[in-house]
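Heads up, the thing below is written out as structure tokens.
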Amino acid sequence: GAGVSQSPRYKVAKRGQDVALRCDPISGHVSLFWYQQALGQGPEFLTYFQNEAQLDKSGLPSDRFFAERPEGSVSTLKIQRTQQEDSAVYLCASSLVLYEQYFGPGTRLTVT
Amino acid sequence: SQQGEEDPQALSIQEGENATMNCSYKTSINNLQWYRQNSGRGLVHLILIRSNEREKHSGRLRVTLDTSKKSSSLLITASRAADTASYFCATEGDFGNEKLTFGTGTRLTIIP
Chain A
11 GAGVSQSPRY KVAKRGQDVA LRCDPISGHV SLFWYQQALG QGPEFLTYFQ NEAQLDKSGL
71 PSDRFFAERP EGSVSTLKIQ RTQQEDSAVY LCASSLVLYE QYFGPGTRLT VT
Chain B
235 SQQGEEDPQA LSIQEGENAT MNCSYKTSIN NLQWYRQNSG RGLVHLILIR SNEREKHSGR
295 LRVTLDTSKK SSSLLITASR AADTASYFCA TEGDFGNEKL TFGTGTRLTI IP
């Protein structure tokens, strides 16, 4: 079956622009996670949903970052007024509860 | 912030040799997982070891976990060129908190 998909794969934004990143999890997966990976580093947790409920958003770096999963399936990560330090790969993962996480290919965001 | 560190940061070996990577972490865990990341396939789950397990095997992979030392090792036997990638350990916290905390990664290069 299809894995986790993310779109767009690449995004270039001018500083100050808003961006929206989409994640389509594996069908039936209850849990959905967003991670941010800077160049040369491991992924860092941003936020976590179980179905439509956002259970943990402790990793969101500022109030410019917002995530939603309104119907418990597709999720969107929105970044307002992008800054250069937001440049990174944004990874989405989904899982059945308490099982391994399956990652999407990521969206590489470059803020110029 | 990263949970822990991996050692070495980079490793180059000849094809056919064994590769060992180590991971240290800081807090109590529910399980520890190893992931591989390369540009072609993104982040791929390799193996999961639970906190009450000490060793686990999967094909050419062998993982050990020492919770008293808060450390884990990943052994890849009979390495192949296709094993060239970055390898990350990731810990899942106490029950009910599924987010993964990744290490800094080991860059493995297999020389044909």
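In the order they appear, the protein sequences are chains A and B. Going by this note's numbering, the letters in the first sequence line up with residues 11 to 122, in that order. Going by this note's numbering, the letters in the second sequence line up with residues 235 to 346, in that order. Beta carbons: idealized from backbone N, C-alpha and C, even for Gly.
Strand pairing of residue i, partner residues [DSSP]
i: D66/A; result: Y58/A
i: A30/A; result: K88/A
i: L290/B; result: Residue identity check: residue 290/B is Lys in the sequence provided, not Leu. Bridge partners of K290/B: V297/B.
i: G276/B; result: N272/B
i: D241/B; result: N256/B
i: A98/A; result: L119/A
i: Q51/A; result: The partner list for Q51/A (beta bridge, DSSP) is empty, contrary to what the question assumes.
i: S305/B; result: S258/B and D300/B
i: L42/A; result: F59/A and S104/A
i: K21/A; result: L119/A
i: A77/A; result: L87/A
i: E326/B; result: N265/B and L334/B
Reference residue i; option with closest CA among the options
i: S273/B; options: G337/B, Y321/B, S307/B and T338/B; result: Y321/B
i: L65/A; options: K333/B, C257/B, A253/B and S313/B; result: K333/B
i: A103/A; options: Y58/A, R91/A, T92/A and Q94/A; result: Y58/A
i: T86/A; options: P18/A, A77/A and Q93/A; result: A77/A
i: Y259/B; options: T298/B, E287/B, R294/B and E239/B; result: E239/B
i: E251/B; options: G327/B, S313/B and D300/B; result: S313/B
i: G69/A; options: E62/A, P53/A and G82/A; result: P53/A
Chain A residues whose Cβ lies nearer than 9 angstroms to that of residue i
i: H279/B; result: E110, Q111, Y112 and F113
i: Q267/B; result: E110 and Q111
C-beta atoms of residue i and residue j nearer than 8 angstroms
i: Q267/B; j: L282/B; result: yes
i: F43/A; j: G276/B; result: no
i: I247/B; j: I344/B; result: yes
i: A324/B; j: T335/B; result: yes
i: T318/B; j: P242/B; result: no
i: Q16/A; j: V40/A; result: no
i: T311/B; j: R288/B; result: no
i: V14/A; j: D34/A; result: yes
i: R284/B; j: N265/B; result: yes
i: S203/B; j: T298/B; result: This structure gives no information on residue 203/B, because the portion of chain B shown stretches from 235 to 346.
i: L31/A; j: T117/A; result: yes
Proximal residues of chain A, C-beta to C-beta of residue i below 7 angstroms
i: G339/B; result: G52
i: L282/B; result: E110
Neighbour list for residue i in chain B, Cβ cutoff strictly below 7 angstroms
i: L101/A; result: L277
i: Y58/A; result: E332 and K333
i: D96/A; result: Per Cβ cutoff of 7 angstroms: no residues; D96/A is ~17 angstroms from chain B at best.
i: S41/A; result: E332
The ligand SAH heavy atom lying under 7 angstroms from the CB of residue i
i: L309/B; result: You won't find the ligand SAH in this model; it holds no ligand whatsoever.
Interface partners of residue i on chain B, CB under 9 angstroms
i: G116/A; result: G276 and L277
Neighbouring residues, chain B, relative to residue i (Cβ below 8 angstroms)
i: F76/A; result: Chain B residues near F76/A: none, gap ~18 angstroms exceeds 8 angstroms.
Exercise. Inspect the CB distances between the region 62-76 of chain A and the region 15-24 of chain A and report whether three or more fall short of 8 angstroms.
Key: Cβ pair count under 8 angstroms is below three, so no.
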